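Okay, so here's the structure we're looking at.
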Amino acid sequence: MRADLLIENVGQLLTLAGPAGPRRGPAMQDLGIVEDGVVAVKQGRIVAVGKRGGFEGSITPDNVLDAKGRVVMPGFVDPHTHAVWAGDRRDEFEMRARGATYMDIMRSGGGIMNTVRKTRLASADDLVRESWPRFSYMLAYGTTTAEVKSGYGLDMENELKMLDAIALLNVEQPVELVPTFLGAHAIPEEFADDPDGYVDLVVDEMLPEVADLVYRIGEESRPDDPMPAPYVKAAEFCDVFCEEGAFDLEQSRRILARAKELGMKLKIHSDEFRSLGGTALAVELGATSADHLVVTPPEEIALLAASDTIAVALPGTPFGLGKPEYAPARAIIDAGGALAIATDLNPGTSWCESMQMMIALSVRYMRMTPAEAVTAATINAAWAIDREDQIGSLEIGKQADILILDTDDYRDLAYRYGTNMVAQVIKAGEVMFEE
Ligand code: NIG
Ligand code: FE
């Protein structure tokens, strides 16, 4: 068999191969490690993977990459980011350093609204230019696919502009993006006295427009084209910030139920500061994921763990806010839940592009093992964005999104922190980053 690339001399090959379905409970501990492994890639996909000595003699590769005994693993998947925005919130960060809370700042008109004002003034091209370096950092730190939310526009024109910017970035830079509509991120100031009026706008006007919106990527197809030009959805998911001072449970239900009717997949920000019942709502509506979960009560943890909804913990957020409470990841996993982790990359609570940092935080503050954290950052993160058939593990037929680490023991991803352990990033078979 011909192959474009053969990666050989792999010390620890973390395949993350396993049973169908997201990894739950004790299965999160199993990374499917092959010692002395090889991986073959053809046309951007994995065509062979396993222990050296079995099959690679029958492969004729165009290129051979010597992993020099180091770790090879799937690219990180970051399933919750707000990576596209304009400006910064350094002043608010300093206010918090002096004792103000995130909610104090939000109530006084800062917080998300601060970034909305700046984002509304930017063009889609400005947003692309300003956000681009964040995707370059993600890639360098090993993230090969990321979910990205709108939510700093908060009116039809500006939410669509954000989705345009996400689509442009998806085409123009190497990190693959999965777009989410988060029109219900905050009540915009012009609706401060009429929050339900804003919910009406989201439900009656924005959602019907966004649910059907597609972009054509690639060349225009000719009438005789055997393959039609590829189209991508402007937003695959609809998300809501279900929180005191943002959207209450009934408003969140209206928005998510309408999005579901329109054929969108669902996510929710629930239990970041106050528990309003958003996690139970996510389970009831069959959401793909429920995210944050810092103050989720035990009954809702049990519901979530028994459901198909992926629990997404965002340890960069309490860390970024300097708060001691983290999501009860141990309880979720021990109850048989499927847990993923993400950066929540945003200018207010967590400006961090690194999934390695999230692994380091998960092990220290959420009592996860290094293996559980790696599962949460790869295959379970792929499940959290409905990409489990394409990415998140190194298995035949999957996209060749592969990292070579600068260590021979994967536990260094958690044990060491703040330095980049990624030596090389391969996206769909092409080397996209090399230290
Ligand atoms: O996930 N919680 C809401 N959204 C973000 C914060 C966004 C911001 O402050 O700009 C979060 O923490
Ligand atoms: Fe968020």
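Position 43 of the sequence shown, counting from 1, maps to 91 under my numbering, and the rest follow consecutively.
Note that the Cβ used here is the ideal one computed from N, Cα and C, for glycine as well.
In this text the structure is predicted, and so the values were computed from the model without any measurement.
Residue i in three-state terms, based on DSSP
i: Lys116; result: coil
i: Glu443; result: coil
i: Ser323; result: coil
i: Lys371; result: coil
i: Phe285; result: strand
i: Met143; result: helix
i: Phe295; result: strand
i: Gln404; result: helix
i: Asn468; result: coil
i: Thr163; result: helix
i: Val132; result: coil
i: Arg270; result: coil
i: Gln77; result: helix
i: Asp460; result: helix
i: Ile55; result: strand
i: Met480; result: strand
i: Asp392; result: coil
i: Thr365; result: helix
i: Ser106; result: helix
i: Leu202; result: coil
i: Ile381; result: helix
i: Ala232; result: strand
i: Leu487; result: Residue 487 lies beyond the stretch modelled for the chain, which goes from 49 to 483, so this question has no answer here.
i: Arg50; result: strand
i: Ile427; result: helix
i: Ser300; result: helix
i: Ser355; result: coil
i: Ile153; result: helix
i: Ser171; result: coil
i: Ile474; result: strand
Residue i - partner residues in DSSP beta bridges
i: Gln438; result: Answer is none; Gln438 lacks a bridge partner.
i: Tyr279; result: Arg264
i: Val258; result: Paired residues: none, contrary to the question.
i: Asp339; result: His317, Val360
i: Met121; result: Leu451
i: Glu224; result: Thr193
i: Val422; result: Val422 is not bridged to any residue.
i: Lys90; result: Arg93
i: Leu61; result: Val82, Val120
i: Asp126; result: Ala194
i: Asn218; result: According to DSSP, which records beta bridges pairwise, Asn218 is partnered with nothing at all.
i: Lys99; result: Gly85
i: Ser398; result: Asn394
i: Leu387; result: Ala359
Integer Cβ distance of residue i from residue j, believed to fall under 8 Å
i: Pro127; j: Ile433; result: 5 Å
i: Val288; j: His317; result: 7 Å
i: Val473; j: Met480; result: 5 Å
i: Leu352; j: Ala359; result: 6 Å
i: Ala421; j: Ile407; result: 4 Å
i: Val196; j: Val132; result: 6 Å
i: Cys286; j: Ala307; result: 3 Å
i: Ile439; j: Pro122; result: 7 Å
i: Phe515; j: Met312; result: Past the boundaries of the shown model lies residue 515; the chain is included only from 49 to 483, so the question cannot be answered.
i: Leu362; j: Gly325; result: Rounded, the Cβ-Cβ distance is 19 Å, inconsistent with contact.
i: Gly92; j: Ala430; result: Gly92 to Ala430, Cβ: 16 Å. No contact.
i: Ser179; j: Leu217; result: 6 Å
i: Val89; j: Ala448; result: 4 Å
i: Glu468; j: Tyr189; result: Per the sequence shown, residue 468 should be read as Asn rather than Glu. About 6 Å separates the two Cβ atoms, so the contact holds.
i: Asp456; j: Gly101; result: Asp456 to Gly101, Cβ: 19 Å. No contact.
i: Ala194; j: Leu230; result: Not really, about 14 Å apart at Cβ, beyond 8 Å.
i: Val223; j: Phe183; result: 5 Å
i: Glu443; j: Ala65; result: 5 Å
i: Gly364; j: Ser323; result: Not a contact, Cβ separation roughly 21 Å.
i: His340; j: Asp356; result: Not a contact, Cβ separation roughly 19 Å.
i: Ala390; j: Thr129; result: 7 Å
Contact with chain B by residue i, beta-carbon distance below 7 Å
i: Ala294; result: The chain labelled as chain B is not found in the depicted structure, where only one protein chain is given.
For review: beta carbons within less than 6 Å of any heavy atom in the ligand NIG: His130, Gly159, Ile160, Thr163, Phe289, His317, Glu320, Thr365, Asp392, Asn394, Pro395, Gly396, Thr397
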